[in-house]
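Since the structure comes first, as C-alpha cells, the remarks are kept for the end.
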Amino acid sequence: MGRRKNVLLLSMVFVLLLTVCAFAVDGGGIQWRMYFSDLFKIKFYIPVNLNLSKVTSSEWTRLQGRTSSGIEVEAHFDNKNQYLIFIKEYAAETLGISHKAFRMINKSKKNALEYRVYLADMERNGKNYRVGVIVAKHIDYKISYMLYLLMPYDMWEDRREAFTFWYENITGL
11 MGRRKNVLLL
21 SMVFVLLLTV
31 CAFAVDGGGI
41 QWRMYFSDLF
51 KIKFYIPVNL
61 NLSKVTSSEW
71 TRLQGRTSSG
81 IEVEAHFDNK
91 NQYLIFIKEY
101 AAETLGISHK
111 AFRMINKSKK
121 NALEYRVYLA
131 DMERNGKNYR
141 VGVIVAKHID
151 YKISYMLYLL
161 MPYDMWEDRR
171 EAFTFWYENI
181 TGL
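Just so we're aligned: the sequence shown equals residues 11 to 183 in this note's numbering.
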C-alpha cells in the first residue's frame with residue numbers, strides 16, 4: 011500500500027509541474043505568461059512576476075504593471091478603429107517623449123492585427139530606459155491598441171531577445 015501511495019503522490023507532483031510549466035514560457039531569458047482579454051480581442055505575454063492593474067481614463071482602458079527588476083508593461087485599449095499614426099502620437103504623449111524618437115523596427119498584418127513596432131530611448135527620474143512600443147488595430151473589430159515594454163537600459167543588452175519574443179507573440183482574437 012505504501013508503494014502505491016508514493017507512485018500516486020509522485021504522479022500528482024509530476025502533473026502539477028507540467029501544469030506550472032505549461033503556463034510559464036521562457037522568451038529571451040524572461041519567464042512569461044499569457045494575458046488574454048476576450049473583451050478587447052487580444053492575447054499577449056507578460057512577465058510571470060508582473061501583476062496588471064486596470065486604470066480607466068476618458069478614452070483608453072489601461073492595464074499596467076511593474077516587476078521588482080524595473081520592467082514595466084502597459085496595454086492601452088480603445089474601442090475605436092484609429093489610424094496607426096494617431097496611436098503612435100498617443101504613445102509618445104503617454105510616455106512623455108517626441109514621436110520622432112521612435113525607430114520603427116517591424117510592421118506587419120497578421121494574427122488579426124495590423125501593427126507597427128517601435129523602439130525609443132528615454133530618461134525618467136535620472137535613469138535611462140529603452141522602450142518598445144506596439145501600436146495596432148484589430149482587423150475584424152473596431153479596437154485600437156498601444157502596448158509598451160519599458161526596460162532599464164542596463165538590462166536591455168541581456169534581454170533584447172525578450173522584447174522580440176514579446177512583440178512577435180501578440181495575437182488578435
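For each residue, glycine too, the CB sits at the ideal point set by N, CA and C.
Buried or exposed: where does residue i fall if 16 or more other Cβ atoms within 10 Å of its Cβ makes it buried?
| i | result |
| --- | --- |
| residue 79 | exposed |
| residue 84 | buried |
| residue 119 | exposed |
| residue 93 | exposed |
| residue 28 | Note on residue 28: pLDDT 35, under 50, position unreliable in the model; the coordinate value appears next. Classification for residue 28: exposed. |
| residue 98 | buried |
| residue 88 | buried |
| residue 144 | buried |
| residue 136 | exposed |
| residue 180 | buried |
| residue 161 | buried |
| residue 106 | exposed |
| residue 96 | exposed |
| residue 34 | exposed |
| residue 172 | buried |
| residue 182 | buried |
| residue 113 | exposed |
| residue 50 | buried |
Measuring alpha carbon to alpha carbon, tell me which residue in the options is nearest residue i.
| i | options | result |
| --- | --- | --- |
| residue 169 | 142, 150 and 152 | 142 |
| residue 37 | 46, 55, 51 and 48 | 55 |
| residue 164 | 35, 133, 127 and 123 | 133 |
| residue 40 | 81, 178 and 113 | 81 |
| residue 104 | 182, 155 and 176 | 155 |
| residue 116 | 148, 177 and 73 | 177 |
| residue 48 | 160, 171, 157 and 151 | 151 |
| residue 42 | 167, 159 and 183 | 159 |
| residue 77 | 90, 60, 91 and 86 | 60 |
| residue 71 | 182, 174, 166 and 157 | 157 |
| residue 148 | 90, 102 and 109 | 90 |
When DSSP builds the beta bridges, which residues end up paired with residue i?
| i | result |
| --- | --- |
| residue 63 | 74 |
| residue 157 | 85 and 144 |
| residue 131 | 140 |
| residue 47 | 52 |
| residue 41 | 36 |
| residue 113 | 129 |
| residue 118 | 125 |
Is residue i close to chain D, meaning its C-beta is less than 8 Å from at least one C-beta of that chain?
| i | result |
| --- | --- |
| residue 58 | Protein chains in the displayed structure number just one, and chain D is not present. |
- Does the count of Cβ pairs from the region 124 to 131 and the region 63 to 77 closer than 8 Å reach three? no
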